[in-house]
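*Asks:* Read in order, the letters of the sequence shown are residues 3 to 226 in the working numbering.
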Amino acid sequence: MIQISIKTELKKQVIYNNPQHFWSWFRQHIYMVQNHPSQSAIKEFMNAFNLHLNYYCKDLSFTVSFVNEQIFINFYARGNPIFIEAIVALVQKAPKLERIEITAFEEADSTADDIVNNAISIKTNNIKFQFSELTYFINEFCEESRRYAVMIYCPGYVFIQDTASLINQIYEHLVRFLGEQFIYQKILDFSFVKSPFPGVGEPIAYLKQDLKNDITCFLNKHKT
Numbered sequence: 003m004i005q006i007s008i009k010t011e012l013k014k015q016v017i018y019n020n021p022q023h024f025w026s027w028f029r030q031h032i033y034m035v036q037n038h039p040s041q042s043a044i045k046e047f048m049n050a051f052n053l054h055l056n057y058y059c060k061d062l063s064f065t066v067s068f069v070n071e072q073i074f075i076n077f078y079a080r081g082n083p084i085f086i087e088a089i090v091a092l093v094q095k096a097p098k099l100e101r102i103e104i105t106a107f108e109e110a111d112s113t114a115d116d117i118v119n120n121a122i123s124i125k126t127n128n129i130k131f132q133f134s135e136l137t138y139f140i141n142e143f144c145e146e147s148r149r150y151a152v153m154i155y156c157p158g159y160v161f162i163q164d165t166a167s168l169i170n171q172i173y174e175h176l177v178r179f180l181g182e183q184f185i186y187q188k189i190l191d192f193s194f195v196k197s198p199f200p201g202v203g204e205p206i207a208y209l210k211q212d213l214k215n216d217i218t219c220f221l222n223k224h225k226t
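(1) With a CB to CB cut of under 7 Å and the five nearest residues on each side skipped, what residues in its chain are close to C144?
(2) Compare the C-alpha of I102 against each of Q183, G158 and N37 and name the closest.
(3) Would you report the Cα separation of Y150 and N82, rounded to the nearest angstrom?
(4) Can the beta-carbon of S112 be found closer than 8 Å to that of M153?
(5) Return the Cβ separation of V93 and F68 in integer angstroms, given the expectation that the two are a contact with Cβ distance under 8 Å.
(6) Would you grab the beta carbon distance between I206 and I84 for me? Rounded to a whole angstrom, and I think it's under 8 Å.
(7) Answer with buried or exposed for R80, where buried requires no fewer than 16 other C-beta atoms within 10 angstroms of its C-beta.
(8) Just reading off the beta strand (DSSP E) that Y138 is part of, what are its end residues?
(9) In the DSSP assignment, what residue or residues form a beta bridge with S67?
(10) Count the other C-beta atoms from every protein chain shown that fall within 10 angstroms of the C-beta of H23, then say buried if there are 16 or more, exposed otherwise.
(11) To the nearest angstrom, how far is it from the Cα of N52 to the Cα of S197?
(12) Are the beta-carbon atoms belonging to Y159 and V202 less than 8 Å from one another?
(13) Under a three-way DSSP split, which group does M3 fall into?
(14) By Cβ distance below 8 Å, which residues in the same chain neighbour T126 in space, the five residues on each side in sequence not counted?
(15) Going by DSSP, what residues sit across from M153 in a beta bridge?
(16) Check the DSSP bridge columns for Q132 and list the partner residues they point to.
(17) To the nearest angstrom, how far is the alpha carbon of E146 from that of A114?
(18) Per DSSP, what are the beta-bridge partners of T105 in this structure?
(19) Does DSSP classify P97 as helix, strand or coil?
(20) What residues match up with Y204 in a beta bridge as DSSP calls it?
(21) Give the range of the alpha helix (DSSP H) segment to which M48 is assigned.
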């Protein structure tokens, strides 16, 4: 049986520097994008922001939004656990500034209803299927961390061609459904396997709520 795993908990973390250096630069230059900045000022600031963030830690993902006179900054990992420590360290040292909100991790932006209503599709080249076709099974629970290993059952043709691209798309949508912080708190790893027969496992739309439920009820539900 073909199986592909994505670990969500790693001992190895990406190398990062002192976050105070980044925030020192930020404090000195944030005036550039306050009080109705021009597009050229925003572009200049964002280029410098990206450069100095790379000095702190390479390849961190972020979004910066300017809404009226407020600035929203979010640092996230694109589901890659090696960036967790760097993001937490950075946000913990963030300055408290008026009309600036700084947050960590990618929030969930899709729902169980989106899945049930087939609003989410997975596609690459000649392969396309609905996210709702996926099912799951909990095959391990760690008492110490209270985290789960989750097996995702995929339609058989997912493993015919371009497997890596399809699995990456599935994982990206899992991150959008569950949220990065929820994944790091609740899940040890995802394993992606070919579904042995139709109807095996639970519908993927139930995964988030099942993991939120009481652990005793959850394990009883999945006993074999």
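C-beta: ideal position from N, C-alpha, C; glycine also.
*Replies:* Looking at the atomic coordinates:
(1) Within its own chain, the residues whose Cβ lies closer than 7 Å to the Cβ of C144, once the five positions on either side in sequence are excluded, are L190, listed in chain order.
(2) N37
(3) Spanning the two alpha carbons is a distance of roughly 17 Å.
(4) no
(5) Rounded, the Cβ-Cβ distance is 19 Å, inconsistent with contact.
(6) The Cβ separation is near 26 Å, so there is no contact.
(7) exposed
(8) Secondary structure note for Y138: its beta strand (DSSP E) is the uninterrupted segment T137 to C144.
(9) F74
(10) exposed
(11) 42 Å
(12) no
(13) Because the pLDDT at M3 is just 48, under 50, the model does not fix this residue reliably, and the value given afterwards should be weighed accordingly. Residue state, collapsed to three classes: coil.
(14) D164, S167, L168 and Q171
(15) Beta-bridge pairing links M153 to F139 and S193.
(16) S123
(17) 29 Å
(18) N76
(19) coil
(20) The sequence given here places Glu at residue 204; Tyr does not occur at that position. Y138, per the DSSP bridge assignment.
(21) Q41 to Y58
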